[in-house]
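> Every letter in the sequence shown is one number past the one before it in the working numbering, and letter 105, counting from 1, is 209. The beta carbon of each residue, even a glycine, is placed where N, CA and C say it ideally should be.
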Amino acid sequence: MPSSPLLFAGIEAGGTKFVCAVGTGPNDLRAFTRFPTTTPAETLARVIEFLDAAQRQHGALSAIGVAAFGPLDPNPASPTYGFITTTPKPGWAHTDFVGTLRQHVAIPIAFDTDVNGAGLGEWRWGAARGLDTFIYLTIGTGIGGGGMVRGRLLHGLMHPEMGHILLRRDPQRDPFPGICPYHGDCLEGLASGPAIARRWGQKAALLPPDHPAWDLEADYLAQALHTFICTLSPQRIILGGGVMHQTHLFPRIRARVQRSLNAYIQSPALLEHMEDYIVPPGLGDRAGVLGAIALAERAFRQTSNVKRKTSDHGAWTFEKD
Ligand code: ADP
Ligand code: ZN
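(1) DSSP on residue 128, reduced to helix/strand/coil?
(2) Does DSSP put residue 269 in a helix, in a strand, or in coil?
(3) In whole angstroms, what separates the C-alpha of residue 215 from that of residue 329?
(4) Would the C-beta of residue 217 count as close to ligand 1, meaning under 6 Å from any of its heavy atoms?
(5) With a cut-off of 7 Å, give the chain-ordered residues whose Cβ is closer than this to any heavy atom of ligand 2.
(6) Consult DSSP for residue 204 and reduce its assignment to one of helix, strand or coil.
(7) Between which two residues does the alpha helix (DSSP H) holding residue 158 run?
(8) Taking the C-alpha atoms as reference points, what is the distance between residue 147 and residue 311?
(9) Report the residue from 387, 405, 341 and 390 whose alpha carbon sits nearest the alpha carbon of residue 374.
(10) For a test of the three-state rule: what should DSSP assign to residue 136, helix, strand or coil?
(11) For a quick check, are the C-beta atoms of residue 396 and residue 181 less than 7 Å apart?
(12) Nearest CA to the CA of residue 230: which residue from 265, 359, 129 and 173?
(13) Pick helix, strand or coil for residue 105, following the three-state DSSP scheme.
(14) Residue 334: buried (16+ other C-beta within 10 angstroms of its C-beta) or exposed?
(15) Short of 7 Å in beta carbon distance, which residues of its chain neighbour residue 323, apart from the five on each side in sequence? Order them along the chain.
(16) Taking 7 Å as the cut-off, decide whether the C-beta atoms of residue 316 and residue 352 are in contact.
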């Protein structure tokens, strides 16, 4: 029986922009668009328009993956599954994201955090291939973390909120009280792009590499990674998001994590191969939307009785009964 690569849609739903794509993987994206995040009604209408146009042009989609900002409800057994829940983003609290899409499409829809999505994409095609326990952190407008433990995406009561852990802040060195509306000087409150901009009165992207902002930033991120390494024992840590475009942060963070762990954890990954341990996303800025496609692919595989799968130019092809 002939088989052809199945088409999936990925929706990366960010607080400032949405990125949507249709394809089978990194080397085969057939439709792509991005637009600003406005009201839920207007933004989701644009998503549906994109899906309709893509299906008309490229054929039927097999599943949709949504990787969204949160907090959100990723638990299929919950009455508010598929909702963005308590977000402070104006207009978006308690938005029934999946329910709105379901009114228009009858294919499987996967719904997870942006960082679990990006983590799954990195596992499928990027820097986490072959691993079963790793984290993906984004350092952008907010800070969030996701990934896998023993091959399962990180869920739980809701989902981890790694951006809101508490750090040690020396008020002599850094009197800035932080910008998190809930916690003040949590990780996101101190080290997100907007926190850097507010503290220094200048957009993060415009601060030169020798500005003291970056040593402080590396200190905070290294403190956070110390905590995550000690709690989850990840085999690798992937750092994405706009702030990490400052690539000089990578060696600074690695050195600080090593100093801070102080050879307590006796693994060659931490003692000798830090450049392979704390890394940028293999998929670059496409990690988010490709991750959403990976969520779709996984949802399809879980809900259909797939008999055999073969890898074909990096894409999965499925032969069904
Ligand atoms: P989002 O988190 O909204 O999905 P990004 O990951 O692109 O999007 O993060 C945007 C944040 O990253 C902004 O606060 C911006 O200031 C910061 N940022 C973007 N580019 C850079 C850069 N080159 N250097 C430092 N910070 C940057
Ligand atoms: Zn916080």
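A quick look at the data gives this:
(1) In this structure, residue 128 counts as strand in the three-state DSSP scheme.
(2) DSSP, reduced to helix, strand and coil, places residue 269 outside both helices and strands of the structure shown, so it counts as coil.
(3) One C-alpha to the other measures close to 26 Å.
(4) Not so, every heavy atom of ligand 1 lies at least 6 Å from the Cβ.
(5) For ligand 2, the selected residues are 267, 268, 284, 286, 287, 290, 292 and 293.
(6) Helix.
(7) According to the DSSP assignment, residue 158 belongs to the alpha helix (DSSP H) that extends over 144-162.
(8) Answer to the nearest angstrom: the Cα atoms are 32 Å apart.
(9) Among 387, 405, 341 and 390, the Cα nearest to that of residue 374 belongs to 341.
(10) Note: residue 136 maps to strand in three-state DSSP.
(11) No, they are not a contact pair.
(12) Comparing Cα positions, the closest option is 129.
(13) Annotation note: pLDDT 46 at residue 105 (below 50); position unreliable, coordinate value reported separately. Coil, per DSSP.
(14) Residue environment analysis places residue 334 among the exposed positions, since fewer than 16 neighbouring C-beta atoms fall within 10 angstroms of its C-beta.
(15) Cβ within range, chain order: 360.
(16) Going by C-beta atoms, residue 316 is not nearer than 7 Å to residue 352.
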